[in-house]
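Chemist:
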Amino acid sequence: MSPEKPVPETRPLEAPVLDRETRTPMTRMAKLEVSRVFAPEDLKRALHCLADCGWNAVVLPGVFEGYPIFFSQVWADYGLRRQHPKFRKWNPFEIAFEVASKRGFEVLVSHEPYVVQRLAHRHTSAILRRYPDWEAKRHPKRKKRRAEDTQKGEMFYCPVNRDYRRFLSSMLHVLLEEYPIHGLVLDLRHYPFYLTDDNDYVPYCYCDACRDATLRDLGFDPISVDFESEKGMVRRWREWQSEQMDNALRYIRARALKARTSMRVIGLLTSDVGLAATHRAPLIHWRAWIDRSLVEALTLDRYTPDLENFESQILHDLETLPDNSLLLPMLPRQVENGDDFLQIFRALPLPG
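Residue numbers for the sequence shown follow my numbering, beginning at -4 and rising by one.
#1: With a CB to CB cut of under 6 Å and the five nearest residues on each side skipped, what residues in its chain are close to V69?
#2: Using DSSP bridges, identify the partner residues of G178.
#3: Ignore the nearest five residues each way along the sequence and tell me which others in D195's own chain have a CB closer than 6 Å to its CB.
#4: Report yes if the CB atom of L181 is closer than 8 Å to the CB atom of P108, and no otherwise.
#5: Apart from the five residues just before and just after R56, which ones in its own chain have a Cβ nearer than 6 Å to its Cβ?
#6: What residue does the alpha helix (DSSP H) around V53 start on, and which one ends it?
#7: Would P217 and R206 qualify as a contact pair, given that the criterion is a beta-carbon distance under 8 Å?
#8: Please state the DSSP three-state secondary structure of A292.
#9: Taking DSSP as the reference, what is the three-state secondary structure of K138?
#10: Under 7 Å Cβ to Cβ from L210, same chain only, skipping five residues before and after it: list those, please.
#11: Between the C-alpha atoms of P346 and R23, what's the straight-line distance to the nearest angstrom?
#12: On the criterion of 16 or more Cβ atoms from any shown chain inside 10 Å, does P7 qualify as buried, or is it exposed?
#13: In whole angstroms, what separates the C-alpha of Y73 from that of Y62?
#14: Going by DSSP, name the residue or residues bridged to P324.
#15: Span of the beta strand (DSSP E) holding M228?
#16: Report the three-state DSSP secondary structure of T315 (helix, strand or coil).
#17: Excluding five sequence neighbours on each side, which residues of the same chain lie with their C-beta closer than 7 Å to the C-beta of T299?
#18: What does the Cβ neighbour count give for C202, buried or exposed, with the cut at 16 atoms within 10 Å?
#19: For L313 and L322, I'd like the C-alpha separation in whole angstroms.
#20: When you compare only the Cα positions, how much space is there between L278 and A254?
#21: If we count the other Cβ atoms within 10 Å of its Cβ and call it buried at 16 or more, is C44 buried or exposed?
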């Protein structure tokens, strides 16, 4: 037996001082918005184009037109079509990971948990045709509704419905477990609990799940609430709805991390300036979800394309953001050349 070789003395390495040009590149994430059915060649071409342009993370939607674009056994177990009919001969995620392994970028999946997506020629989603109780409902009495309730085509799933919550989380859990997905982007820009100009008015939700749970927890049926005279009851109900949103997000997050502990959970929400431009605002401000550690990072949308105002808006959100969180702002819409905006990204403490 030969004698052991002496182990050379080691010393801790000092961290090198890096200038701006030699730092690790920031996350440059491209979210693919799908407007029509695409072919494998289309996806390959788009992914190679993004890689050529320096993007190092790509986000694919998990569901399109109300169906998963991947094969989902969970959907089959619930008696639903297991894949979008136009994608049944191939799987976009398999193509994405094939290209990603060659080009070295990360693949994330995005999902809008509460927006009802429908096929263009259908008025109802496949899910709601089989499980109509999962829909968030408006007040059953038309006299109790406001004009904004009648917006064409707007439908939501109810965050309080535990059966829907389990279905959604199971679908995402299996997908995240089956593929080496780096992160889950939860698009929370739209959900049924929101504030209108009339803060005492509650447009949603009057489904059976919400009515039963409110009666159990608060002691009243939401349908019986008079918005004009029972303002204290309305405030209690809104606080309860906020708590239900937190519980739902906490459950989805726990199921995602159970699939892979290294999973990044990113919340896609609307920036403060974007919210100010609307006539209604989500019930929960994005800071609350960061404070409660329900998402690890934020991607904020709807910044101005005006360069000077864009920088001030980013600074405002950075000041609002807690120290333990990350902000990945989206490039403003309708911007053809983003180089000037990227210079602002590089100058500010932004990871991507």
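Yeah, the Cβ is synthetic: ideal placement off N, Cα and C, and Gly gets one too.
Just so you know, these numbers come straight off a predicted model, no measurement behind them.
Modeler: Put simply:
#1: By one-based count along the sequence shown, residue 69 stands at place 74. So the list reads S165, M166 and V169, once near-sequence residues are dropped.
#2: For the purposes of this step, residue 178 is identified with residue 183 of the sequence shown, where counting begins at 1. Note: G178 sits in a beta bridge opposite L103 and R259.
#3: In the sequence shown, counting from the first residue as 1, residue 195 sits at position 200. So the list reads F222, K226 and V229, once near-sequence residues are dropped.
#4: As a working note, residue 181 is residue 186 in the sequence shown. As a working note, residue 108 is residue 113 in the sequence shown. Taking a C-beta distance under 8 Å as the contact criterion, L181 and P108 qualify as a contact pair.
#5: As a working mapping, residue 56 is identified with position 61 in the sequence shown. First, the residue type needs correcting, since residue 56 is Pro and not Arg in the sequence shown. Taken in chain order, the residues that qualify are V29 and S105.
#6: Within the sequence shown, the letter at position 58 stands for residue 53. Counting along the chain, V53 falls outside any alpha helix (DSSP H), though it belongs to the beta strand (DSSP E) covering A52 to P56.
#7: Working through the sequence shown from its first residue, we reach residue 217 at position 222. Working through the sequence shown from its first residue, we reach residue 206 at position 211. Their beta carbons are under 8 Å apart, which means P217 touches R206 by this criterion.
#8: Here residue 292 corresponds to residue number 297 of the sequence shown, with the count starting at 1. In this structure, A292 counts as strand in the three-state DSSP scheme.
#9: By one-based count along the sequence shown, residue 138 stands at place 143. K138 falls in the helix class under three-state DSSP.
#10: Here residue 210 corresponds to residue number 215 of the sequence shown, with the count starting at 1. Excluding residues within five positions, the ones whose Cβ falls inside 7 Å are D216.
#11: Residue mapping note: residue 346 aligns to position 351 of the sequence shown, counting from 1. Residue mapping note: residue 23 aligns to position 28 of the sequence shown, counting from 1. Approximately 9 Å between the Cα atoms of the pair.
#12: In the sequence shown, residue 7 corresponds to position 12, counting from 1. Note that P7 scores 35 on pLDDT, short of 50, meaning its location in the model is unreliable and no value can be drawn from it.
#13: Within the sequence shown, residue 73 is the residue found at index 78, counting from 1. Within the sequence shown, residue 62 is the residue found at index 67, counting from 1. Rounded to the nearest angstrom, the two C-alpha atoms are 13 Å apart.
#14: Locating residue 324 in the sequence shown gives position 329, where the first residue counts as 1. Per DSSP, none; premise fails for P324.
#15: Your numbering for residue 228 matches position 233 in the sequence shown. That residue, M228, is in no beta strand (DSSP E); its alpha helix (DSSP H) goes K226 to A254.
#16: Here the question's residue 315 lines up with position 320 in the sequence shown. In the structure shown, the three-state DSSP call for T315 is helix.
#17: Within the sequence shown, residue 299 is the residue found at index 304, counting from 1. Taken in chain order, the residues that qualify are V268, F305, Q308 and P327.
#18: By 1-based counting over the sequence shown, the position of residue 202 is 207. In summary, C202 is buried, with 16 or more beta-carbon neighbours lying within 10 Å of its beta-carbon over all protein chains present.
#19: The residue given as residue 313 occupies position 318 in the sequence shown. The residue given as residue 322 occupies position 327 in the sequence shown. Rounded to whole angstroms, L313 to L322 spans 8 Å at the Cα level.
#20: For the purposes of this step, residue 278 is taken as residue 283 along the sequence shown, with counting starting at 1. For the purposes of this step, residue 254 is taken as residue 259 along the sequence shown, with counting starting at 1. Taking the straight line from one Cα to the other gives about 29 Å.
#21: What you label residue 44 is simply residue 49 of the sequence shown in a count that begins at 1. By the neighbour-count definition (other C-beta atoms within 10 Å, threshold 16), C44 is an exposed residue.
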